[in-house]
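Enquirer: For any residue, its number in the working numbering is found by taking its place in the sequence shown, counting from 1, and adding 11. Have a look at this one.
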Amino acid sequence: MQPRNQYLAWRFLPLLAGLLLALLVGIHFGAVSLSLEQIWQGLWNPAEDSYIHTILWQIRLPRVILAACVGGGLAVAGAAFQGVFRNPLADPFVIGASSGAALGATLALLLIAGSITVITATWQIPWLILAAFVGALLVVCGVFMIASLSSFGRSAPLLTLILAGMALSSFTGALVSLIMFLNHEMLTTIFSWLLGSFSGRHWNEIVMAGPVILCSGGLLWLLSRPLDLLSFGDEAAQTLGLSIGKFRMLILIAATFCTAACVAVSGVIGFLGLMAPHMTRILLGPRHGLLIPGSCLLGATLMVIADTLARTVIAPAEIPVGIVTALMGCPFFLFLLLSRGQQSG
Numbered sequence: 012m013q014p015r016n017q018y019l020a021w022r023f024l025p026l027l028a029g030l031l032l033a034l035l036v037g038i039h040f041g042a043v044s045l046s047l048e049q050i051w052q053g054l055w056n057p058a059e060d061s062y063i064h065t066i067l068w069q070i071r072l073p074r075v076i077l078a079a080c081v082g083g084g085l086a087v088a089g090a091a092f093q094g095v096f097r098n099p100l101a102d103p104f105v106i107g108a109s110s111g112a113a114l115g116a117t118l119a120l121l122l123i124a125g126s127i128t129v130i131t132a133t134w135q136i137p138w139l140i141l142a143a144f145v146g147a148l149l150v151v152c153g154v155f156m157i158a159s160l161s162s163f164g165r166s167a168p169l170l171t172l173i174l175a176g177m178a179l180s181s182f183t184g185a186l187v188s189l190i191m192f193l194n195h196e197m198l199t200t201i202f203s204w205l206l207g208s209f210s211g212r213h214w215n216e217i218v219m220a221g222p223v224i225l226c227s228g229g230l231l232w233l234l235s236r237p238l239d240l241l242s243f244g245d246e247a248a249q250t251l252g253l254s255i256g257k258f259r260m261l262i263l264i265a266a267t268f269c270t271a272a273c274v275a276v277s278g279v280i281g282f283l284g285l286m287a288p289h290m291t292r293i294l295l296g297p298r299h300g301l302l303i304p305g306s307c308l309l310g311a312t313l314m315v316i317a318d319t320l321a322r323t324v325i326a327p328a329e330i331p332v333g334i335v336t337a338l339m340g341c342p343f344f345l346f347l348l349l350s351r352g353q354q355s356g
């Protein structure tokens, strides 16, 4: 066991090193580039240059840390969705969880904006997370029910799952569009938020959403063994003594809560929850005890890279990070579809 543990530890090192490098690059690049010396001074000697200290602690650090949290959360949720649905193309975006969370959070934004009671920016975030969770859970359960009914209780085929997710995502997207059409004063706010961005995010978002992402992701890691058993099919899992309905619902709730927290602070960011678990399987294998933490590290790395590209490619203007991840993820998604089609053919 000892040599195997050392082997697996070495497998995690590239993921950890990649994340640290991505964080450093994300802190370095921006409207004002910071050298390694300036970053070091800003971290440990803030009195020497308050300007650098302000850029580092009020703008760069909260942004890259939040991007890492959201990327890791979406990747973990994607790995869990793929395991519980026994489908490699199930992720928070494809399965409709992100769209449901967007609808819930959009309604919460309208209620907060129209509330007589003044709600501070800090306390808006928990309400957004809760509303996003309710919306995402309703959509995910709807997709699961539609796919199960259409396959008569058997494991839902790939096409059925994708079509159910697309249908409910389109429906929730239409509702969000209707809300924007009927509320012109909130149009810009909702639209920019839906595209996905970390611009203007501060420590408040990390303090509020970070623990939710950490706890739900940790719970999913603790549920690694049930996820492994579910991947063998319901009959095999039941034979091995697993309470299928209870664990499936628990995993769905945890993954949906994780997705909701991510969407509440960043908007809708697609395909990252699809890419990271697949790449991690190549490196670490299919066991969820390794797949979930590995996906977390890789997802965090990819999100920090995407956000760095989003704010530097056409600087000083900024591209919504959801557009960058879509440009990265769409070819990957098509590649998976084509490769699975060739295998089944």
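Glycine residues also receive a C-beta, built at the ideal position from the N, C-alpha and C atoms.
So, does the region 100–117 touch the region 294–308, judging by three or more C-beta pairs under 8 Å?
Expert: No: fewer than three Cβ pairs fall under 8 Å.
Enquirer: Taking all protein chains shown into account, decide if isoleucine 127 is buried (16 or more other Cβ within 10 angstroms of its Cβ) or exposed.
Expert: With a pLDDT of 43 at isoleucine 127, under the threshold of 50, the modelled position of this residue cannot be trusted; read the value that follows with caution. Exposed: under 16 other Cβ atoms inside 10 Å.
Enquirer: How is glutamate 1 classed by DSSP in three states: helix, strand or coil?
Expert: The question about residue 1 has no answer here: the residues shown for the chain are numbered 12 through 356.
Enquirer: Among Gly256, Pro327, Leu238, which one has its Cα closest to the Cα of leucine 302?
Expert: Nearest of Gly256, Pro327, Leu238 to leucine 302, Cα basis: Leu238.
Enquirer: Taking the alpha carbon of leucine 77 as the reference point, which residue from Val187, Asn98, Ile217 has its own alpha carbon closest?
Expert: The candidate whose alpha carbon is nearest that of leucine 77 is Ile217.
Enquirer: Taking 8 Å as the cut-off, does the region 87–106 touch the region 268–286 (at least 3 CB pairs, one atom from each stretch)?
Expert: Segments in contact, yes.
Enquirer: Please list the terminal residues of the continuous alpha helix (DSSP H) segment that includes aspartate 102.
Expert: Counting along the chain, aspartate 102 falls outside any alpha helix (DSSP H), and DSSP gives it neither H nor E.
Enquirer: Report the CB separation of alanine 143 from alanine 275 in whole angstroms; it is logged as a contact under 8 Å.
Expert: At roughly 5 Å, the Cβ-Cβ gap stays under 8 Å, so alanine 143 and alanine 275 are in contact.
Enquirer: Taking DSSP as the reference, what is the three-state secondary structure of asparagine 194?
Expert: Coil at asparagine 194, not helix or strand.
Enquirer: So, helix, strand or coil for valine 279, using DSSP?
Expert: The answer is coil: DSSP assigns valine 279 none of H, G, I, E or B.
Enquirer: Drop a sphere of 10 angstroms on the beta-carbon of proline 304, count the other beta-carbons inside from all chains shown, and report buried for 16 or more, exposed for fewer.
Expert: Buried, since its Cβ has 16 or more Cβ neighbours within 10 Å.
Enquirer: Measure from the alpha carbon of glycine 115 to the alpha carbon of each residue in Asn98, Ile136, Asp102, Phe96, then state which is nearest.
Expert: When each option's Cα is compared against that of glycine 115, the closest is Ile136.
Enquirer: Rounded to the nearest angstrom, what separates isoleucine 63 and arginine 322 at their Cα positions?
Expert: If you take the alpha carbons of isoleucine 63 and arginine 322, they lie about 18 Å apart.
Enquirer: Consult DSSP for serine 242 and reduce its assignment to one of helix, strand or coil.
Expert: Looking at serine 242 - three-state DSSP - the assignment turns out to be coil, as it is neither helix nor strand.
Enquirer: For the alpha helix (DSSP H) containing proline 222, list its first residue and its last residue.
Expert: Note, proline 222: alpha helix (DSSP H), 214–233.
Enquirer: Would you give the residue range spanned by the alpha helix (DSSP H) that glutamine 69 belongs to?
Expert: Element bounds for glutamine 69: n/a, residue is neither H nor E.
Enquirer: In chain order, what residues of the same chain have a beta carbon less than 7 Å from the beta carbon of glycine 281, not counting five sequence neighbours either side?
Expert: The answer, listed in chain order, is Phe104, Ser109, Gly333, Thr336, Ala337, Gly340.
Enquirer: Give every residue of the same chain whose Cβ lies closer than 6 Å to the Cβ of phenylalanine 343, excluding the five residues on either side of it in the sequence, and list them in chain order.
Expert: Within the same chain, phenylalanine 343 has close Cβ partners Met286.
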